[in-house]
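Structure, as structure tokens:
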Amino acid sequence: MKDITHSELFETLVNGEIDGEYYDLHNDYQCIKISCNAAEKKVEMRFINDDYKIIVTFSQATIVNCVFNPGKPPGGNTLDLFFRGRFEKNNNLHEMTDLGEYYYHIKFQEDDILEIFARQVVLKMSRLNS
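Numbered per my numbering, the sequence shown spans residues -14 to 115.
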């Protein structure tokens, strides 16, 4: 498991290491599912390749922008951007909300976009059939 809640501003979260294992969500994985549970305030993104699955879990999360293109061509579920950034409030840039939430920007090919505020974000990697 890898907690990326306090990652560096604008540092790519598309690739890195989880428990010593390298991952690259752009080149080696496809996003197969995005789910949102409003009652639990949780958003999950599931990625797979031939051997592994990675689940990205946003806890105490609020989706503030969501753009999906239903007519996108195959391969449009490839992740292009994923980072912790700043957001604008009252003409000022902020890193964290008054509720302790951080802003995350996620962009897929074909310009599908998710913008999420979350108090915690973790990545879990496991074997596909485990």
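Note that CB positions come from ideal geometry on N, CA and C, so glycine has one too.
Query                                                                                                                                                                : Result
So, under 8 Å CB-CB, THR(-10) and PHE67 are touching, yes? Tell me the CB distance rounded to an integer number of Å.                                                : With a Cβ gap of about 13 Å, THR(-10) and PHE67 do not count as contacting.
Ordered along the chain, which non-local residues of its own chain (more than five positions away) have a Cβ less than 8 Å from that of GLY70?                       : LEU(-6), PHE(-5), TYR88, TYR89 and HIS90
Which partner residues of GLY1 appear in the DSSP bridge assignment?                                                                                                 : TYR8
Which ranges would you report for the beta strand (DSSP E) in the segment 76 to 106 if only whole runs of at least 3 residues count?                                 : 77 to 79, 87 to 93 and 98 to 103
Could you tell me the distance, in whole angstroms, from the CA atom of ASN54 to the CA atom of GLU6?                                                                : 32 Å
With a threshold of 7 Å on Cβ separation, who are the neighbours of GLN15 within its own chain once the five nearest residues in sequence on each side are excluded? : PHE32, ILE33, ASN62 and THR63
Keeping to the same chain, check which residues put their C-beta closer than 8 Å to that of GLU135; ignore five residues upstream and five downstream.               : With the chain running from -14 to 115 in the structure shown, residue 135 is simply not present.
Since ARG71 sits in a beta bridge, which residues does DSSP pair it with?                                                                                            : DSSP lists no partner for ARG71.
DSSP on ASP65, reduced to helix/strand/coil?                                                                                                                         : strand
Can you tell me which of the three DSSP states SER(-8) falls into?                                                                                                   : coil
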